């Protein structure tokens, strides 16, 4: 048994295209999707159209849920909301918050019981983001009998082997390798590479293994799109994998010319 897991595409269609091409080149047909498909200032509708076409087993992320809540409220000025048609909202509404895949793999967005929780990582009082202790990870996994548990949300790729042998995997983010937040304290997540990220899962020889893959793609257009909409944190993260000021970075191939998020 071998399949790929993707998560947190966040409307980054070129990154998704690159990841799906990489998966196909490896001869893998089966893909699962862990949510937060379209939210953000990028290409929500184009991304949703491709994911609808592919029909991957998918769960609803917290940002998918928020978009649906905005629709129930009536309307929103958000760029992603404005791009989406009824079919896109209906598609997100059809997704469950959790899903069992092939009777062996449990899919959730953030944690088994909370679609917006940090699970394999935690936010410290000083704003640092660090690996969670094994005891906390195992506590959230209680009652789940699946051999593999897949989660996303943090955008931080992580593979954790529980002490009873179960495997918990966060495949990282396809479309957004960095972001900032304010709760419970201000914090920043930076993966450190602009590459799109996903995971390969395989069961062979009686054991599960997980491999994290990083896929390069031309991120300049998506960084420029985020920048044009005033999303400077997104622009920096997409272009570099870090969140920095415009003077701190040069875009690839520009021979040291400062990359500007404006």
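Residue numbers (the UniProt record's numbering): 1 to 262. Quick reminder that beta carbons are idealized off the backbone N, C-alpha and C, glycines included. These figures come from a predicted structure and were not determined experimentally.
Original post:
Can you name the start and end residues of the beta strand (DSSP E) that residue 106 belongs to?
Top reply: Taking the first residue of the chain shown as position 1, residue 106 is located at position 106. Segment 105 to 108, the beta strand (DSSP E) holding residue 106.
Original post:
Quick one: Cα of residue 15 to Cα of residue 219, how far?
Top reply: What you label residue 15 is simply residue 15 of the chain shown in a count that begins at 1. What you label residue 219 is simply residue 219 of the chain shown in a count that begins at 1. One C-alpha to the other measures close to 7 angstroms.
Original post:
Does the distance from the CB of residue 106 to the CB of residue 150 come in under 8 angstroms?
Top reply: Walking along the chain shown from the start, residue 106 turns up at place 106. Walking along the chain shown from the start, residue 150 turns up at place 150. In this structure, residue 150 lies closer than 8 angstroms to residue 106 by Cβ.
Subject >> Buried or exposed by the 16-neighbour rule on C-beta atoms within 10 Å, applied to residue 178 >> reply: Residue numbering aside, residue 178 sits at position 178 when the chain shown is read from its first letter. Residue 178 comes out buried.
Original post:
Cβ of residue 1 within 8 angstroms of Cβ of residue 59?
Top reply: For the purposes of this step, residue 1 is identified with residue 1 of the chain shown, where counting begins at 1. For the purposes of this step, residue 59 is identified with residue 59 of the chain shown, where counting begins at 1. No, these two residues do not count as a Cβ contact at 8 angstroms.
Subject >> Helix, strand or coil at residue 140 according to DSSP, with G and I counted as helix >> reply: Working through the chain shown from its first residue, we reach residue 140 at position 140. Residue 140: helix per DSSP, three-state reduction.
Original post:
So what does DSSP say about residue 161, is it helix, strand or coil?
Top reply: In the chain shown, counting from the first residue as 1, residue 161 sits at position 161. It is a strand residue.
Original post:
Measuring CB to CB, does residue 36 end up less than 8 angstroms from residue 61?
Top reply: In the chain shown, residue 36 corresponds to position 36, counting from 1. In the chain shown, residue 61 corresponds to position 61, counting from 1. Yes; because the gap between Cβ atoms is below 8 angstroms, this pair is in contact.
Original post:
When you compare only the Cα positions, how much space is there between residue 145 and residue 103?
Top reply: Counted from its first residue, the chain shown places residue 145 at position 145. Counted from its first residue, the chain shown places residue 103 at position 103. Our two residues, residue 145 and residue 103, have alpha carbons roughly 10 angstroms apart in a direct line.
Original post:
Is it buried or exposed for residue 134, if we count other Cβ within 10 angstroms and need 16 for buried?
Top reply: Your numbering for residue 134 matches position 134 in the chain shown. With fewer than 16 other Cβ atoms within 10 Å, it is exposed.
**OP:** Report the three-state DSSP secondary structure of residue 88 (helix, strand or coil).
**Re:** Position 88 of the chain shown holds residue 88. Residue 88: helix per DSSP, three-state reduction.
Original post:
If we ignore side chains and look at the alpha-carbon of each, how far apart do residue 50 and residue 224 end up?
Top reply: As a first step, residue 50 must be located in the chain shown, where it is residue number 50. As a first step, residue 224 must be located in the chain shown, where it is residue number 224. Answer to the nearest angstrom: the Cα atoms are 22 angstroms apart.
Subject >> Proximity of residue 192 and residue 241 at Cβ, strictly below 8 angstroms >> reply: In the chain shown, residue 192 corresponds to position 192, counting from 1. In the chain shown, residue 241 corresponds to position 241, counting from 1. Cβ distance < 8 angstroms, so residue 192 and residue 241 count as in contact.
Subject >> The alpha helix (DSSP H) enclosing residue 69, as first and last residue numbers >> reply: What you label residue 69 is simply residue 69 of the chain shown in a count that begins at 1. Element bounds for residue 69: 62 to 73.
Original post:
Can you pull the DSSP bridge partners for residue 210?
Top reply: Counting from 1 along the chain shown, the entry for residue 210 is found at position 210. Answer is 201.
Original post:
Taking DSSP as the reference, what is the three-state secondary structure of residue 118?
Top reply: As a first step, residue 118 must be located in the chain shown, where it is residue number 118. Three-state DSSP puts residue 118 in coil, outside helix and strand.
**OP:** Would you tell me roughly how many angstroms separate the C-alpha atoms of residue 176 and residue 239, rounded to the nearest one?
**Re:** Indexing the chain shown from 1 puts residue 176 at position 176. Indexing the chain shown from 1 puts residue 239 at position 239. Rounded to whole angstroms, residue 176 to residue 239 spans 10 angstroms at the Cα level.
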